[in-house]
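My numbering applies: residue -7 is where the sequence shown begins, and numbers increase by one.
Ideal placement from N, C-alpha and C gives every residue a C-beta, glycine not left out.
To start, the structure under review is shown below, and the notes come after it.
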Amino acid sequence: MKKSRMLTLCFIIFFIYGCNTTTNEKQNTEEANREITQEDTEAVNNQHANERIEVKDNGEEEISALTQYTNFELNVQYANDISFEVGYVNDEKGITAEISDEVNDVHLSGEDAKNSLIKNFEELNFDENTDESEIIIQILTTFNLSDDFTNLYLKVKYHTGTVKEYKLTN
């Protein structure tokens, strides 16, 4: 009789211990899932930290200066081999920007170029459906460029994925 009680007691102890392990595993799994979820959320937030797309009350997206163009390449040539160039890319790696302004002898890259371009992009309000002449006027006005250029080349990839090139020779 004592042996059967001892065996029963041992069985109950092992059973309880086994249930406790499952609870710990379940807790550990839940904690790991929470950590993964937090890491994933932080990664997504970091990836989109530089993007400012807001959703209006009616559900439409409001495109900001940083996200209206995902690629922006501008090259304006003047007499005597003087040029004004802008390079801007906003992709999964982040934002890269560069401004080479031989007209005013200004060269910016990195955060300085990005901050300068944000101000310019906020003034631009054209999209892939805007008339080319209107786009050229906006570019010259926004970047404070004279219209006596010899060549103007603009390549834009809009937030919609549409890529357009604009070329003008004076």
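Looking only at its own chain, which residues have a Cβ that is under 6 Å from the Cβ of Thr109, when we skip the five neighbours before and after it? Sequence index remark: in the sequence shown, residue 109 carries index 117 (1-based). It should be noted that the sequence gives Leu, not Thr, for residue 109. Closer than 6 Å at Cβ, skipping near neighbours: Tyr80 and Ala89.
Under 7 Å between C-beta atoms of Lys156 and Tyr145: Along the sequence shown, read from residue 1 onward, the residue named residue 156 stands at position 164. Along the sequence shown, read from residue 1 onward, the residue named residue 145 stands at position 153. With respect to the 7 Å criterion, Lys156 and Tyr145 are not classified as neighbours on the basis of their beta carbons.
Stretch-stretch touch, CB-based, cutoff 8 Å, three pairs: the region 90 to 105 with the region 66 to 75: The region 90 to 105, when compared against the region 66 to 75, does touch it at the 8 Å Cβ threshold.
Could you check where the beta strand (DSSP E) with Gly153 kicks off and where it finishes? Locating residue 153 in the sequence shown gives position 161, where the first residue counts as 1. It is not in any beta strand (DSSP E) - Gly153 carries neither H nor E in the DSSP assignment.
For the alpha helix (DSSP H) holding His137, just list the boundary residues, first then last. Numbered from its first residue, the sequence shown carries residue 137 at position 145. The sequence given here places Leu at residue 137; His does not occur at that position. Where Leu137 is concerned, there is no enclosing alpha helix (DSSP H), because DSSP gives it neither an H nor an E.
Contacts around Thr142, its chain only, beta-carbon distance under 8 Å, and the 5 residues preceding and following it disregarded: In the sequence shown, residue 142 corresponds to position 150, counting from 1. Closer than 8 Å at Cβ, skipping near neighbours: Gln69, Tyr70, Ala71, Thr161 and Asn162.
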